[in-house]
Amino acid sequence: MTMPVEETEALLKKAEQELDGAKTADEIRQTWRKYYLQVGHRNLGRILIGRAADEIIARRRSRGQE
6 MTMPVEETEA LLKKAEQELD GAKTADEIRQ TWRKYYLQVG HRNLGRILIG
56 RAADEIIARR RSRGQE
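Written out as structure tokens, the structure is:
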């Protein structure tokens, strides 16, 4: 069962905020465990290396329209 697109996008933005605020490796691991089942490892990794959640969302939307 998949979750609605709007909910996934909101979770991506929330995960981005939490990862940006993480100060330790343990905080990053906690955030990862909290979100990876909903938004996926790949998207979390992209956020972790600096890609904005809005960029990920825009790419997902453009792929859905093709």
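Under the numbering used here, the letters of the sequence shown match residues 6 to 71, in that order.
Beta carbons: idealized from backbone N, C-alpha and C, even for Gly.
Taking a C-beta distance under 8 Å as the contact criterion, residue 49 and residue 41 qualify as a contact pair. In this model, residue 12 and residue 59 are separated by some 14 Å (Cα to Cα). In this structure, the beta-carbon distance from residue 43 to residue 16 falls below 8 Å. Residue 36 and residue 51 have their C-alpha atoms spaced approximately 14 Å apart.
Around the beta carbon of residue 21, 16 or more other beta carbons sit within 10 angstroms, so the residue counts as buried.
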